[in-house]
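Numbering follows our numbering, with no gaps: position 106 of the sequence shown is 106.
Glycine included, each C-beta is placed from N, C-alpha and C at the ideal position.
Single-structure report; data block below.
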Amino acid sequence: MPLGTSSISQLLSPKSSYIKPKLLIMYKLLTILLVLTSLASCKKEDPDPHIDNWCLVMEDEFDTLDLNYWTPTVAPNGNTYRTDRSENVRTENGYLILELHKESYEGYEYTGADIVSPNIGPYGRVECRARLPKANIAWPVFWLLGSYEEYGEWPNCGEIDIMEYWGHNAPNVYTNLHTKHSNFKNGRDRDRHSTSYELADASDEFHVYGMHWYNNRLEFYLDGSHYWTFNQFATGWKKWPYDHPMKIVFQMYATPDYDGSDADLPDIFEVDWVRVYEGCP
Ligand SMILES: [Ca+2]
């Protein structure tokens, strides 16, 4: 009789005092085989690759504003009306310029801008070279917004703020993550989802803000130097929505909850280039 399921259950049963030595050896061999197969499949699905060789899949030097790729948003956000006017968004001498103005517009006190890319990823490396504004009320961010197809709208879709900055909070630069589980609205578990560093010349010099996006972690880099890793700490989209495509966003808004002077407006957020890579095949 071949060693089938019923035989194994018989062998496992305490009543199996009649086990023949040959069957016992076969059972042990089968167990070893099962363990080895299981180990091999774990190895195959090891979600911890380190990629050294990145292949460029998208690059924009912002010699022009390519409206076939980027979509400016025309709508209010907080106290800022986002427009697609050249006063708020344009390219100049190879730089993307997002400009924040204090002006009465459509019932709002400030005008700013954001531009949104098509989906990228999931996974890869994304970075930009940028100079940040000086104005106290300026709120420039280089971030990724999850596409809505998989888990729905924010915060379900997930958000990764690679570089987030508030002029009045200089010289601190922040990296913030938002998920269904932890976001700025529910305030839950924020320490785990946020970090910051000081960058005294962020408004004087260009720096490269980047992230390496893996299937179990997000690694963050400033000028090519690693400063933080966010490791996936639970399964499920509520705590790890970063397994589906996301869109790149560059924004320049006025901080909604700032009540200091805004006399230093207008001001600009300048981006020299943005690049997206994937692991080379
Ligand atoms: Ca450029």
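Could you pull out every residue in the same chain whose Cβ sits closer than 6 angstroms to the Cβ of residue i, ignoring the five residues on either side in sequence?
i       : result
Tyr-285 : The displayed coordinates of the chain run from 1 to 281. Any statement about residue 285 would go beyond what the structure contains.
Val-116 : Thr-71, Lys-247 and Val-249
Thr-255 : Ile-137, Trp-139 and Trp-166
Val-274 : Asp-60 and Cys-128
Quick check on residue i: buried or exposed, where buried means 16 or more other Cβ atoms within 10 Å of its Cβ?
i       : result
Ala-130 : buried
Asn-68  : exposed
Asp-63  : exposed
Asn-186 : exposed
Pro-155 : buried
Arg-125 : buried
Asn-93  : exposed
Using DSSP bridges, identify the partner residues of residue i.
i       : result
Thr-64  : Paired residue(s): none; Thr-64 is not in a bridge.
Asp-161 : Trp-143 and Asn-176
Gly-210 : Glu-127 and Tyr-221
Ser-194 : Asn-176
In the DSSP assignment, the beta strand (DSSP E) including residue i goes from what residue to what residue?
i       : result
Tyr-296 : The first residue shown for the chain is 1 and the last is 281, placing residue 296 beyond what the model contains.
Phe-220 : 217-222
Lys-180 : Element bounds for Lys-180: n/a, residue is neither H nor E.
Pro-271 : Looking at the sequence shown, residue 271 is not Pro but Val. Segment 267-279, the beta strand (DSSP E) holding Val-271.
Asn-231 : 225-231
Lys-247 : 246-254
Arg-188 : Premise fails: Arg-188 is in no beta strand (DSSP E) and is neither H nor E.
For residue i, I'd like the list of residues in its chain whose CB is within less than 8 angstroms of its CB, leaving aside the five on either flank, ordered along the chain.
i       : result
Ala-40  : Summary for Ala-40: the model assigns pLDDT 41, below 50, so the residue's position carries little reliability, and this model does not support an answer.
Cys-55  : Tyr-277, Glu-278, Gly-279, Cys-280 and Pro-281
Asp-204 : Arg-131
Ala-263 : none
Thr-111 : Thr-80, Tyr-81, Arg-82, Thr-83, Arg-85, Glu-87, Asn-88, Leu-100, His-101, Glu-103 and Tyr-105
Tyr-258 : Asn-136, Ile-137, Trp-166 and His-168
In terms of residue numbering, what span does the alpha helix (DSSP H) encompassing residue i cover?
i       : result
Glu-150 : 148-151
Could you tell me whether any Cβ in chain E is nearer than 8 angstroms to the Cβ of residue i?
i       : result
Pro-133 : Of the protein chains in this structure there is only one, and it is not chain E.
Which same chain residues, not among the five before or five after residue i, have their C-beta less than 7 angstroms away from its C-beta?
i       : result
Pro-245 : Asn-119, Ile-120, Gly-121, Pro-122 and Ser-147
Pro-171 : Glu-198, Leu-199, Ala-200 and Ala-202
Around ligand 1, what residues have a beta-carbon under 7 angstroms from a heavy atom of it, in chain order? Glu-61, Phe-62, Asp-63, Gly-94, Tyr-95, Asp-272 and Trp-273
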